[in-house]
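Residue numbers (the numbering used here): 43 to 446. Quick reminder that beta carbons are idealized off the backbone N, C-alpha and C, glycines included. Heads up, the thing below is written out as structure tokens.
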């Protein structure tokens, strides 16, 4: 049994926050994913199982909702609100990502919900938080990444801002939201009082800028990913893809193994970068030094594959790594040794789906990854748990309040 098995989470979020609920569910909490009668929009987002669009076929939905139970409920109807409030009384946590003020308009504000359940931790994960000049702005993952400063930081000095793959702002908001929520829950266990956790995804992204903000504050320097680069740093093509080398800094012993490696491999030009002046960080940051190094090092990497460059670099204490594509990640022997990937059979699909698994392992708390719920799969079960009779459930279903 998991240490989270006695925690109930109402997950009323969208793709912006669904990963937060997934983290709790995979660790054993009873996470109830609440959908409207129209269904979670994520159900209609590709890619789809065997390229067949359908409400049960979205691989994105299946991944973000593993281990959850599912209920369909229309909280815009009075009877739906009553069901929701009964669920609130049984819950420890509510996670949602509605636009600020939406639940207030329905008469379901946190001030009202806490009267029904004083211990409730209510977490709202939204693009810009509940208050402030941007709070009502519409936003996507990409616009949040842009306003969080990450896109500009990710670009090279002479290139346009770069887009990070996937929904990284949504993931950051969900992870920070999950952390803030568990802290608030700990406080509720201690004091008997819940609290509202207001998560701004823009702020979550901005925390990842590290010292870029201090550079601006103290030096009025706008940094990018390559702003302080030098020879011995960067992405280089090789025979079967790309490698990334980060062998830079004021410690001369970080630099010396690089020209030594190239000399021993007989690389043309290696004698140039072996000269004493190249041991100076200031010299290696010069634009001409970076150009010369790139020309020499690239002539070397283009003759070898990622595996050789990585393993030989490791042997020599040089920080060089292959840049993996999704195939490389899937076949990586280290991840597979740690049994990172999990294959689950889905009855509704009639087949198996492979998922990324545990991001961290705990000695005494196992992950319990199970298939995501079908549309309305647990509606009847959950309503019976909170006291509804079969007749009442059928009536609610006929009125479009629920779906069973």
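Any idea what DSSP makes of residue 278, helix, strand or coil?
One-based indexing of the chain shown puts residue 278 at position 236. Looking at residue 278 - three-state DSSP - the assignment turns out to be strand.
Distance between residue 284 and residue 110 (C-alpha atoms, nearest Å)
On the chain shown, position 68 is the one that residue 110 refers to. On the chain shown, position 242 is the one that residue 284 refers to. Cα to Cα, residue 110 sits roughly 39 angstroms from residue 284.
Quick check: the Cα distance between residue 378 and residue 264, rounded to an integer number of angstroms?
Position 336 of the chain shown, counted from the start, is the residue given in the question as residue 378. Position 222 of the chain shown, counted from the start, is the residue given in the question as residue 264. So the alpha carbons of these two residues sit roughly 40 angstroms apart.
Could you check the C-alpha separation between residue 321 and residue 294 for me, to the nearest Å?
Residue mapping note: residue 321 aligns to position 279 of the chain shown, counting from 1. Residue mapping note: residue 294 aligns to position 252 of the chain shown, counting from 1. One Cα belongs to residue 321, the other to residue 294, and the distance between them is close to 6 angstroms.
Helix or strand or just coil, what does DSSP make of residue 225?
The sequence position of residue 225 within the chain shown is 183, counting from 1. Correct three-state label for residue 225: helix.
Residue 238 in three-state terms, based on DSSP
Locating residue 238 in the chain shown gives position 196, where the first residue counts as 1. Reduced to three states, the DSSP call for residue 238 is strand.
Nearest CA to the CA of residue 190: which residue from 214, 60, 348, 382?
Within the chain shown, the letter at position 148 stands for residue 190. The candidate whose alpha carbon is nearest that of residue 190 is 214.
Under the three-state DSSP convention, the category residue 402 falls into:
For the purposes of this step, residue 402 is taken as the residue at position 360 of the chain shown. Residue state, collapsed to three classes: coil.
Taking the runs of the beta strand (DSSP E) that are 3 residues or longer, which of them lie wholly in the stretch 347 to 392?
Taking only runs of at least 3 residues, the beta strand (DSSP E) segments lying wholly in the stretch 347 to 392 are 362 to 364, 383 to 388.
Under 8 angstroms, do residue 114 and residue 418 count as touching if we go by C-beta distance?
Taking the chain shown and counting its residues from 1, one reaches residue 114 at position 72. Taking the chain shown and counting its residues from 1, one reaches residue 418 at position 376. Closer than 8 angstroms, so yes.
Neighbourhood of residue 381 by C-beta, 6 angstroms cutoff - its chain only, sequence neighbours within 5 removed:
Translated into the one-based positions of the chain shown, residue 381 becomes position 339. Apart from the 5 residues on each side of it in sequence, residue 381 has no Cβ closer than 6 angstroms to any other Cβ in its chain.
Nearest to residue 237 by alpha carbon, out of 271, 103, 157, 390?
Here the question's residue 237 lines up with position 195 in the chain shown. Comparing Cα-Cα distances from residue 237 to each of 271, 103, 157, 390, the minimum goes to 157.
Residue 357 to residue 280 span [Cα, whole Å]:
As a working note, residue 357 is residue 315 in the chain shown. As a working note, residue 280 is residue 238 in the chain shown. Rounded to whole angstroms, residue 357 to residue 280 spans 19 angstroms at the Cα level.
Check whether residue 49 and residue 61 have beta carbons under 8 angstroms apart:
Reading the chain shown from its first residue, position 7 is the one you call residue 49. Reading the chain shown from its first residue, position 19 is the one you call residue 61. No; because the gap between Cβ atoms is not below 8 angstroms, this pair is not in contact.
What residue range does the alpha helix (DSSP H) around residue 336 cover?
Here residue 336 refers to the residue found at position 294 of the chain shown. For residue 336, the enclosing alpha helix (DSSP H) begins and ends at 329 to 343.
For the putative contact between residue 161 and residue 134, defined by C-beta atoms under 8 angstroms, what is the C-beta separation to the nearest angstrom?
Start at 1 with the first residue of the chain shown, and residue 161 comes out as number 119. Start at 1 with the first residue of the chain shown, and residue 134 comes out as number 92. 7 angstroms between Cβ atoms; contact.
For residue 90, collect the residues of the same chain with a Cβ closer than 8 angstroms to its Cβ; drop the 5 residues on either side in sequence, then sort them by chain order.
Here residue 90 refers to the residue found at position 48 when the chain shown is read from its first residue. Taken in chain order, the residues that qualify are 96, 99, 100, 101.
Kindly indicate the opening and closing residues of the alpha helix (DSSP H) around residue 437.
One-based indexing of the chain shown puts residue 437 at position 395. Taken as a continuous stretch (DSSP letters only), the alpha helix (DSSP H) holding residue 437 covers 432 to 440.
Using CA coordinates, which residue listed in 422, 235, 441 is at the minimum distance from residue 432?
As a first step, residue 432 must be located in the chain shown, where it is residue number 390. Nearest option by C-alpha distance: 422.
From residue 282 to residue 216, what does the alpha carbon distance come to, in whole angstroms?
Translated into positions along the chain shown, residue 282 becomes position 240. Translated into positions along the chain shown, residue 216 becomes position 174. Each residue's CA atom was taken as its position, placing residue 282 and residue 216 some 35 angstroms apart.
So, at 8 angstroms on beta carbons, what are the nonlocal neighbours of residue 289 in its own chain, with the 5 sequence-adjacent residues on each side left out?
Sequence index remark: in the chain shown, residue 289 carries index 247 (1-based). Contacts found: 274, 275, 296, 297, 299, 300, 360, 361, 362.
Among 338, 375, 327, nearest to residue 304 - alpha-carbon criterion
To locate residue 304, count along the chain shown from 1; it is residue 262. Check the Cα spacing between residue 304 and each of 338, 375, 327: the tightest is with 338.
Per-residue burial, residue 376 [other beta carbons within 10 Å of its own, 16 or more giving buried]:
What you label residue 376 is simply residue 334 of the chain shown in a count that begins at 1. Counting the other CB atoms within 10 Å of its CB gives residue 376 a total below 16, which places it among the exposed residues.
The beta strand (DSSP E) that contains residue 112, what's its start and end?
Here residue 112 refers to the residue found at position 70 when the chain shown is read from its first residue. Its beta strand (DSSP E) spans residues 111 to 115.
So residue 176 is in the alpha helix (DSSP H); what residue range does that whole segment cover?
As a first step, residue 176 is located in the chain shown; it is residue number 134 there, counting from the start. No alpha helix (DSSP H) contains residue 176, which DSSP labels as neither H nor E.
For residue 413 versus residue 388, is the C-beta distance shorter than 8 angstroms?
Translated into positions along the chain shown, residue 413 becomes position 371. Translated into positions along the chain shown, residue 388 becomes position 346. Against a cut-off of 8 angstroms, the Cβ pair of residue 388 and residue 413 comes out as a contact.
Residue span of the alpha helix (DSSP H) that contains residue 163, given as start and end:
For the purposes of this step, residue 163 is identified with residue 121 of the chain shown, where counting begins at 1. Taken as a continuous stretch (DSSP letters only), residue 163 belongs to no alpha helix (DSSP H), being part of the beta strand (DSSP E) at 163 to 168.
Residue 71 versus 79, 94, 82, 136, residue with shortest Cα-Cα distance
Start at 1 with the first residue of the chain shown, and residue 71 comes out as number 29. Per the Cα distances, 136.
Report the option in 44, 354, 163 whose CA atom is closest to the CA atom of residue 287.
One-based indexing of the chain shown puts residue 287 at position 245. Taking only the C-alpha atoms, the option nearest residue 287 is 354.
Below 8 angstroms CB to CB, which residues in the same chain sit around residue 351 once its five sequence neighbours on both sides are set aside?
Numbered from 1 along the chain shown, position 309 holds the residue referred to as residue 351. Same-chain partners within the cutoff: 280, 285, 343, 362, 364.
Just to check my reading of the structure: residue 57 and residue 209 have Cβ atoms closer than 8 angstroms, yes? What is that Cβ distance to the nearest angstrom?
Along the chain shown, one-based indexing puts residue 57 at 15. Along the chain shown, one-based indexing puts residue 209 at 167. Residue 57 to residue 209, Cβ: 7 angstroms. Contact.
Count the other C-beta atoms from every protein chain shown that fall within 10 angstroms of the C-beta of residue 326, then say buried if there are 16 or more, exposed otherwise.
Along the chain shown, read from residue 1 onward, the residue named residue 326 stands at position 284. Answer is buried; the Cβ neighbour count reaches 16.
Backbone secondary structure at residue 192 - three-state DSSP:
Counting from 1 along the chain shown, the entry for residue 192 is found at position 150. Reduced to three states, the DSSP call for residue 192 is helix.
Going by Cα to Cα distance, which pick from 81, 127, 142 is closest to residue 180?
For the purposes of this step, residue 180 is identified with residue 138 of the chain shown, where counting begins at 1. The option with the nearest alpha carbon to residue 180 is 142.
Tell me, please, which residues DSSP counts as bridged to residue 444.
To locate residue 444, count along the chain shown from 1; it is residue 402. Residue 444 is bridged by DSSP to 115.
Report the option in 262, 374, 335 whose CA atom is closest to the CA atom of residue 309.
For the purposes of this step, residue 309 is identified with residue 267 of the chain shown, where counting begins at 1. Nearest Cα to residue 309 within the set 262, 374, 335: 335.
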